[in-house]
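Structure first, then comments.
So this is what it looks like as structure tokens:
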């Protein structure tokens, strides 16, 4: 007996240029009552499209071309709109990726949570409110009686994500679709949210579809895992089978990307001059009357990066790690403290720094999409710093651009393309090549792999390692993802609330002494189905 | 209400006052640059140089411009708009009656066009892409493209000349009963509504459609909400800011831009007064009219800004 049954589903899409493509190519899938099935794959694998088809919904530009999507006896692909709308929220419910965007900012939370009951006339409003409070309690939300009276901007991200789950559960659905519900959360928050989801789903005996790109997260909650790529099923099996006895090469590459090869040849720390030294830096936003920033984002931060070595900076959102990069680069001049490059004191503001200082210290930003000028060709983007720093022009510039493209493993022909025509990984490589064009000694990498799929991110990390070997670079590698930091760094600095918590050698993270770094390291999901259940309970955030 | 909102609103009003000051300076400077000499025009060709100089002195025109500006601004602050050069009447008195007429016309047009524009804007957004939407959108584009004097002239031609249903002139007719008043106002109001509501419909539709793309609207859809619930409950409350701004911009046109309509229908409004003032070089009257237009415009825009601030739940709570 199955609750939902997808048979040979094909979804077509029309691209911006008017080309017709098939994004789901004959997918079949069964979901039993009470079973949680994970759809895993990288961006563009079609996992969200398949999940949304269970609600009879296609995003604008897409349409179900053929196949059937039976949910509780109704074919969501062909049923009339009225019938499908009646099932949404009552039989199949949806928990969105970004709860922050999925809540209407102008309406109170409780009214949005019980809206399903109102739309489908399931129960009197008083009863719906009482039920919502019950669900809030089950999801371990603080102040379950009154939290609903707030507006979306008045609660935290982790709370919003649980409220979104409450919104899905209010109609007692038989099937709940979780669309990357913890991707936007910090690891320490993610663990609480995952736990709340798991206990509520188990208690209600509901079936679920869990869409994610993160195998470790999925391992904690799913009974069965379906691996997708390019709109096709690659491999399907129980969570244990996929994690430990994967047969398909693509699944294996996903698993391999989870454990990047550790850094092999580290240069011993030198007693001589550091490549970059930050001493007691304080910086913040908004200028108050007394010359002090109104909002301190960095307080008394010191760190040291030796030549040929890499410093990892790890922390959750709001920990000040990106602010540190901006302060070092002089984009946000520190109000106190000193920044030394190769033993030589630099001006706090990038505007006051010499061209030579600017050249030696480069920064690569997280979002290549916004960091690259969409109107300039790749060759131009890489060529401009060549002219600016080295005065290279004409044929020499052309030749150097070719070399740089080669260094970041991009084909020569790409120089004529615009950033919009490249994939995410390719754009990040161009972003890196632009920094390399200056011939820097230190590169600040600010979350440069965060927006990339795991396999692509792993290849960018490999590239960074190779470049370091060839060009004698030093990286400050900022990330919220512990495994990438471990893969490339010699030392890891943990930040929290704008302060340095602890600095540890990358191979001895287990010896962390500070309670916060311990919590942070232990919150990273492991590729192990029992990990979440073994984690000790902690007060809800 | 939290203090942040109060600060924001007071800030908006402060900006409006400063803008008004700057505009007063520009208006004064612009009227100074108008060609022609009011004394020459008043006294005619045969005036002796002594008479011209005497009158100039009597009208304070021999003082430097900056002094006259200061004097005018001082008067303005006390509500004194000065006296007309042409007929020595107080400008406030001249404008008063006309302004009431213009406001009457503007209020009628707003009362008629705002509900219609809102309704059409929202319904076209709900049934986007339908036959209804396409028909309304095409008509709106057509109306925007046709200049108002053409609409006005055609209206006179059809309703007054051919059909004879409505009076061609709005003023000086019979005002004994409500029916006659309605008939008198019908054509100017319809003509003006055509012009202002076209813009409002387009902006409302665009603002609602833009918010319909928001993830929370898709979320509402996935909760089983109907199209109208998605628009009315989820999109509209978040589109109030841009809609009110579009309304304010369109309606501000009613205060200053109605000159053509007032002229064609011979309506004694303030715009017509200003044009007459230009032809007689009646500087105080021109300045007074310009300041009124500016004040009306700023009032509407400031109201729109304040509404947009109050409509933002992040600021309200």
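Chains as they are written, first to last, in our numbering: chain A, 112 to 652; chain B, 18 to 334.
Even for Gly, the Cβ is constructed at its ideal location relative to N, Cα and C.
Owing to the predicted nature of the structure, the values given are computational and were not obtained by experimental measurement.
- In this structure, the straight-line span from the alpha carbon of residue 451 of chain A to that of residue 498 of chain A is close to 26 Å.
- Taking 8 Å as the cut-off, the Cβ atoms of residue 78 of chain B and residue 68 of chain B do not count as close.
- Contact between the region 141-159 of chain A and the region 337-347 of chain A is present, with at least three C-beta pairs closer than 8 Å.
- Along the region 291-303 of chain A, there is no position whose C-beta sits under 7 Å from a C-beta of chain B.
- Excluding residues up to 5 positions away in sequence, 440, 441, 442 and 469 lie with their Cβ nearer than 7 Å to the Cβ of residue 461 of chain A in the same chain.
- Setting aside the 5 residues that flank it on each side, residue 113 of chain B has no residue in the same chain whose C-beta is closer than 8 Å to its C-beta.
- When the five nearest sequence neighbours on each side are left out, the beta carbons in the same chain lying within less than 6 Å of the beta carbon of residue 179 of chain A are those of 118, 186 and 188, in order along the chain.
- The criterion of a C-beta distance shorter than 8 Å is satisfied by residue 539 of chain A and residue 563 of chain A.
- Contact between residue 292 of chain A and residue 206 of chain A holds, with the beta-carbon distance rounding to 5 Å and staying under 8 Å.
- The residues 449, in chain order, have a CB closer than 7 Å to that of residue 456 of chain A in the same chain once the five nearest residues on each side in sequence are set aside.
- Excluding residues up to 5 positions away in sequence, 228 lie with their Cβ nearer than 6 Å to the Cβ of residue 255 of chain B in the same chain.
- Taken in chain order, the whole alpha helix (DSSP H) runs of length 4 or more contained in the region 410-496 of chain A are 432-440, 466-471, 479-482 and 489-496.
- Comparing alpha carbon positions, the residue from A/162, A/560, A/559 and A/598 closest to residue 322 of chain A is A/162.
- In the assembly as shown, residue 397 of chain A is an exposed residue. Its beta-carbon has fewer than 16 other beta-carbons within 10 Å.
- The beta-carbon distance between residue 640 of chain A and residue 354 of chain A, rounded to whole angstroms, is 7 Å. This is short enough to meet the 8 Å contact definition.
- The CB of residue 199 of chain A comes closer than 8 Å to the CB of 238, 239, 240 and 241 in chain B, given here in chain order.
- Secondary structure of residue 262 of chain A (DSSP, three-state): coil.
- Taking 8 Å as the CB threshold, residue 102 of chain B stays off the interface with chain A.
- Considered as a whole, the region 192-269 of chain A harbours 192-198, 210-213, 220-224, 226-231 and 236-249 as its complete alpha helix (DSSP H) runs of no fewer than 4 residues, in chain order.
- For the region 251-266 of chain B, the beta-carbon criterion of a distance under 7 Å to any beta-carbon of chain A is satisfied by 251, 254 and 255.
- Within the region 70-95 of chain B, no residue places its CB atom closer than 7 Å to a CB of chain A.
- The alpha helix (DSSP H) runs lying completely inside the region 133-173 of chain A and spanning 4 residues or more are 158-164, given in chain order.
- When rounded, the separation of the alpha-carbon atoms in residue 644 of chain A and residue 343 of chain A is 32 Å.
- Contact of residue 166 of chain A with chain B is assigned, a C-beta pair being separated by under 8 Å.
- Going by DSSP, residue 149 of chain B is part of the alpha helix (DSSP H) stretching over 148-162.
- When the Cα atoms are used, residue 221 of chain B and residue 162 of chain B turn out to be separated by approximately 18 Å.
- A residue is called buried once 16 or more other Cβ atoms fall within 10 Å of its Cβ, and residue 346 of chain A is buried on that count.
- Between residue 174 of chain B and residue 203 of chain B, the C-beta spacing is not below 8 Å.
- Counting only residues of its own chain and dropping the five nearest sequence neighbours on each side, residue 249 of chain A has a CB closer than 6 Å to the CB of 311.
- For the region 226-244 of chain A, the beta-carbon criterion of a distance under 7 Å to any beta-carbon of chain B is satisfied by 226, 227, 230 and 231.
- If one requires a minimum length of 4 residues, the alpha helix (DSSP H) runs lying completely within the region 197-244 of chain B are 232-239, in chain order.
- Listed in chain order, the non-local C-beta contacts of residue 177 of chain A below 6 Å within the same chain comprise 121, local neighbours out to five positions each way being set aside.
- Residues of the same chain with a CB within less than 7 Å of the CB of residue 511 of chain A, apart from the 5 flanking positions on each side, are 497 and 503 in chain order.
- Within chain A, the residues placing a beta-carbon under 7 Å from that of residue 233 of chain B are 212, 213, 214 and 215, ordered along the chain.
- Under the three-pair Cβ rule at 8 Å, the region 310-323 of chain B does not count as touching the region 96-115 of chain B.
- Around the beta-carbon of residue 166 of chain B, fewer than 16 other beta-carbon atoms lie within 10 Å, marking it exposed.
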